[in-house]
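Novice:
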Amino acid sequence: MDQIHFWIGIIATVAFAVTGVLAIADRGVDLFGILVLGVITAIGGGTLRDIILDVPAFWSISSVYIWVALGACVLTFVAESFFTQPQIYRCMLYIDGLGAALFGIQGVDKAWNLDFGLPVAPVILGLVTAIGGGLLRDILAGKKTLLMSHELYAIPVTLGCCIYVLILNFFPQYSLQGSAICMLAIFGLRSAAIRWDLRVPKLFITKTR
Amino acid sequence: MDQIHFWIGIIATVAFAVTGVLAIADRGVDLFGILVLGVITAIGGGTLRDIILDVPAFWSISSVYIWVALGACVLTFVAESFFTQPQIYRCMLYIDGLGAALFGIQGVDKAWNLDFGLPVAPVILGLVTAIGGGLLRDILAGKKTLLMSHELYAIPVTLGCCIYVLILNFFPQYSLQGSAICMLAIFGLRSAAIRWDLRVPKLFITKTR
Amino acid sequence: MDQIHFWIGIIATVAFAVTGVLAIADRGVDLFGILVLGVITAIGGGTLRDIILDVPAFWSISSVYIWVALGACVLTFVAESFFTQPQIYRCMLYIDGLGAALFGIQGVDKAWNLDFGLPVAPVILGLVTAIGGGLLRDILAGKKTLLMSHELYAIPVTLGCCIYVLILNFFPQYSLQGSAICMLAIFGLRSAAIRWDLRVPKLFITKTR
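Chains as they are written, first to last, in numbering that gives the first Met the number 0: chain A, 0 to 208; chain B, 0 to 208; chain C, 0 to 208.
1. Out of curiosity, what's the CA-to-CA distance linking tyrosine 163 of chain B and isoleucine 3 of chain B?
2. Tell me which residues share the same chain as tyrosine 173 of chain B and place their Cβ nearer than 8 Å to its Cβ, disregarding the 5 neighbours each side in the sequence.
3. Any Cβ of chain C within less than 9 Å of the Cβ of arginine 26 of chain A?
4. Is it true that the CB of glycine 44 of chain C sits closer than 9 Å to the CB of glycine 116 of chain C?
5. Have a look at the DSSP bridge pairing and note the partners of arginine 198 of chain B.
6. Alpha helix (DSSP H) containing lysine 109 of chain B: first to last residue?
7. Kindly indicate the opening and closing residues of the alpha helix (DSSP H) around threonine 128 of chain B.
8. Exposed or buried, what is cysteine 90 of chain C when buried is set at 16 or more other beta-carbons lying within 10 Å of its beta-carbon?
9. Count Cβ pairs between the region 134-146 of chain B and the region 105-115 of chain B that sit closer than 8 Å; are there 3 or more?
10. Helix or strand or just coil, what does DSSP make of aspartate 49 of chain A?
11. Return the residues of the region 37-53 of chain C that lie within a Cβ-Cβ distance of less than 9 Å from chain A, sorted by chain order.
12. Cβ of aspartate 29 of chain B within 9 Å of Cβ of lysine 206 of chain A?
13. I believe arginine 136 of chain C touches glycine 27 of chain C by the beta-carbon criterion, under 8 Å. Please report the beta-carbon distance rounded to the nearest angstrom.
14. Could you give the distance in angstroms between the alpha-carbon of alanine 100 of chain A and the alpha-carbon of tyrosine 152 of chain A?
15. Span of the alpha helix (DSSP H) holding serine 80 of chain C?
16. Among C/Ala14, C/Ala22, C/Val13, C/Ala11, whose alpha-carbon lies nearest the alpha-carbon of arginine 208 of chain B?
17. Measure the CB-CB distance between alanine 68 of chain C and glycine 37 of chain C and report whether it falls below 9 Å.
18. Roughly how many angstroms lie between the CA atoms of glycine 103 of chain A and cysteine 161 of chain A, to the nearest whole one?
19. Between isoleucine 87 of chain C and chain B, is the shortest Cβ-Cβ distance under 9 Å, so that the two count as touching?
20. Which residue from B/Pro200, B/Phe186, B/Ile42, B/Ser148 puts its Cα closest to that of leucine 158 of chain B?
21. Checking the sheet assignment: what are the DSSP bridge partners for isoleucine 204 of chain C?
22. Following the continuous alpha helix (DSSP H) through threonine 12 of chain C, name the residue where it begins and the one where it ends.
23. Apart from the five residues on each side of it in sequence, which residues of its chain come closer than 6 Å, Cβ to Cβ, to leucine 209 of chain A?
24. Closest by CA to leucine 145 of chain C, which one among C/Thr40, C/Phe170, C/Ala191?
25. Tell me the rounded alpha-carbon separation between serine 61 of chain B and proline 121 of chain B.
26. Under three-state DSSP, which class holds phenylalanine 115 of chain B?
27. So is alanine 120 of chain C in contact with chain B if we call contact Cβ pairs under 9 Å?
28. Please identify the residue among B/Leu134, B/Gly96, B/Phe81 whose C-alpha is closest to the C-alpha of arginine 194 of chain B.
29. Please list the partners that serine 62 of chain B has in chain A, where partner means a Cβ-to-Cβ separation under 9 Å.
30. Any beta-carbon of chain A closer than 9 Å to the one on glutamate 150 of chain B?
31. Please report whether the beta-carbon of lysine 206 of chain C lies at a distance below 9 Å from any beta-carbon of chain A.
32. Relative to the C-alpha of valine 156 of chain C, which residue among C/Asn168, C/Phe170, C/Ala192, C/Met147 is closest?
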């Protein structure tokens, strides 16, 4: 199981770095900026989580995620025209959704195992793990953040993390199956949002003035 | 006394969440963004303070502040037209000023009791507690931050925190009365600024070019 | 040696505060905003480093850096027309480059001595120490960050930090000389970039769309 998580983590790191770089590439960023912003997209969320949890940043224990993210950034810079092909880009979006699902559930798990602010805080930390890196990238790149778009990205993650916390609380014996199911649920919702370009309905959006 | 602080804290959390949401509602934010940004406005400053102080985030010990903030955000979203009525909004601004006063003095207290970088750091942490959440919200919402406006908001807080540090240092026996007086001073100055729309005089502003 | 580092640190703090203030003065900032943003520019990078390293913020142990930064901010506000003279400003840019060199190498040193995520993390933390404060200032002031400009600022720092990590790893007996040489190398590269207005070549910049 740890093996599976490790490999999904690696794949998710690649996807986060690639989509992170593509999200800002059209603004004229130099290779160095791409390396920094791509790595921040990939590891920023987990770093924020670890800072709030007051445990060492995960990449200080195993630097493989940084190397993988750096490699993915260079690759994206060199082969940008490959990754911006519609079908490839779409594929990366799905993998990015899988990554967000994994990172979210991992964040809940880490907070839960540390007994950190049960039961609310684990959901917050799951969300931070999944979207924190993207928020940092957008802030540093001067882009509108995810919170101001009306994408269905953070909402599936939050729902999945909430359900997972309920499972951990009421059916701790099914935590393993629960984590898999919640990850799939997040991924499924996110995939539906990508596939049919679903967004938050107007009813739930404040009026601009 | 702790009871009083607790209830002012709850009221302040509500006011921060409400004014935090109203400050960005005109940009077309969805309900999820409102929940996240409202909660960040309400608890972000205290979280930054706790991270710098290297103590567990206050909401990991008692999650009541998060629930209160979430409730206030939903309420603001549903009843936006109520809260944007001039006299209600003005009333929220005053309560927000009271909240800033409380949070600032509480921040000084927490740093002082931990012997953290006396005597300068407690003032900094008081200021961080009071305005940190609003800064995070503005950054995430792509708004001009408080530091670039010329509002009299952070200045009263800083003055009050400075005086409180002086009292803690030279008249520790009056710390309780001192905290109440400094809170009132901050609230008074902020209220005057709201009432007469006072701003930083031009003399103290650099010229735009 | 510690004496020398201390004084370079003080000079670097002054330079960071001065250039930090000048970088945003043309946006019409009030004196309070200048104090906050100047201090953040000067001590923000080291603070981020200490938070990630999970050690107390350096200014909680010795507040001299904060006082020096505050003084430099007031001075810059009062004597803005002095500091914006081309030759004085240029001189501050060089000292700022020396500061970035010192802060970068100090950041590597601190992480290395704490055995933090060797060998990759020290480079990241050196970079964070050198440019973190400027990034925070730009975000708070609503300015385009360094990562989106194509300046040769972060790249010399990163190169120097990488070489220093190699020296610490393979020739630990020469760590003292190595730190001096890497600092000079960073300063030299940065000076060349200032002197001849060198920027990242177009080849390494993504196309804007």
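Glycine included, C-beta positions come from ideal geometry on N, C-alpha and C.
Specialist: In short, the structure shows the following:
1. 19 Å
2. The answer, listed in chain order, is Ile166.
3. At a cut-off of 9 Å between C-beta atoms, arginine 26 of chain A counts as an interface residue with respect to chain C.
4. no
5. B/Glu150
6. 85-112
7. 119-140
8. Classification of cysteine 90 of chain C: exposed, given that the 10 Å Cβ count is below 16.
9. no
10. helix
11. Per Cβ criterion, the list reads Ile50, Ile51, Leu52, Asp53.
12. no
13. The Cβ separation is near 15 Å, so there is no contact.
14. 10 Å
15. 79-82
16. If we check each option's Cα against that of arginine 208 of chain B, C/Ala22 comes out closest.
17. yes
18. 10 Å
19. no
20. B/Phe186
21. Isoleucine 204 of chain C is bridged to A/Asp29.
22. 1-24
23. An answer regarding residue 209 of chain A cannot be provided, because it is not within the stretch 0 to 208 covered by chain A.
24. C/Thr40
25. In this structure, the straight-line span from the alpha carbon of serine 61 of chain B to that of proline 121 of chain B is close to 23 Å.
26. coil
27. no
28. B/Gly96
29. Gly116, Leu117, Pro118, Val119, Ala120
30. Glutamate 150 of chain B is outside the set of residues whose beta carbon lies under 9 Å from a beta carbon in chain A.
31. yes
32. For valine 156 of chain C, the nearest C-alpha among the options comes from C/Ala192.
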